[in-house]
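My numbering numbers the first residue of the sequence shown as 3 and each following residue consecutively.
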Amino acid sequence: MTTAIDLDKLDLAALLCSRVCHDVISPVGAIVNGLEVLDDEDDPSMKAFALDLIAKSAKQASARLQFARLAFGAAGSAGAQIDTGDAEKVARGFIEDDRTSVEWHVPRVLSPKNKVKLLLNLMVVATSTIPRGGKILVIATGEGDEGGFRLTTEGSHSRIPPHLIALLAGEAPEGGALDAHAIQPHYTGLLARAAGYRLSLGHAGESVEIAAEKA
């Protein structure tokens, strides 16, 4: 028997903040470590290593904050629109690395903010289906504001994580408690319902497909 998630607004805000902090704390910590090396070391090679670490970590922290601003933030007043070109830029900055690539086929338009926020959060959901990295193909389906999205991931050991479908549907995980990890798919489901979209997932071989269609 499934139980609907009944989460206080303050708890939702707190868990989302924890999620953002979790994403940012690692690169920020690396910057601090790099600065400590610069203070303590006289070896030129170590100083060069520290400067490289600081530069890479600062870029990573910036990318994660820019993504969070669009994916979780207010992004303007009610009824505001977001440029899908900006969404592509922050999604690539957040997701792409030496293990994971993004193939983006979404036209550059201004779209309702909740629709774009949904797409960005579905990108995060998509990464959870390829734990060892791979490719994420993003395609716009339909036309205009009524159109949807299809995300296809390909990678070794691809899978649909336990409880993911339930969390997207607003159902509590086993034990009933949400943490900073589980809050993101739950929030994705909230966005989908607020924007009037129905989500579906399918797994075949080393590929997972996630679709968002107007309900």
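By construction, the Cβ of each residue, glycine as well, lies at the ideal position given by its N, Cα and C atoms.
Keep in mind that this is a model prediction, so the values were computed, not measured.
Check whether residue i and residue j have beta carbons under 8 Å apart
i: P29; j: A63; result: yes
i: A197; j: K117; result: yes
i: L1; j: T155; result: For residue 1 there is no data in the structure shown, the boundaries of the chain being 3 and 217.
i: T86; j: V104; result: no
i: L201; j: A184; result: no
i: A182; j: L17; result: yes
i: V127; j: I33; result: no
N-terminal and C-terminal residue of the alpha helix (DSSP H) that residue i is part of
i: D85; result: Here D85 belongs to no alpha helix (DSSP H); instead the beta strand (DSSP E) covers 83 to 85.
i: R161; result: Here R161 belongs to no alpha helix (DSSP H), and DSSP marks it neither H nor E.
i: A15; result: 11 to 42
i: D45; result: Careful: D45 lies outside any alpha helix (DSSP H) and carries neither H nor E.
Cβ distance (whole Å) where residue i is taken to contact residue j below 8 Å
i: H188; j: G172; result: 7 Å
i: R152; j: I141; result: 5 Å
Span of the beta strand (DSSP E) around residue i
i: F151; result: 150 to 156
i: R134; result: No beta strand (DSSP E) holds R134; DSSP gives it neither H nor E.
i: L203; result: 199 to 206
i: L219; result: No answer is possible for residue 219: the residues shown for the chain start at 3 and end at 217.
i: I212; result: 209 to 216
Closer than 8 Å to chain B by CB, residue i
i: L112; result: Absent from the structure: chain B. Only one protein chain is present.
Exposure of residue i, with buried meaning 16 or more beta-carbon neighbours within 10 Å
i: R71; result: exposed
i: G204; result: exposed
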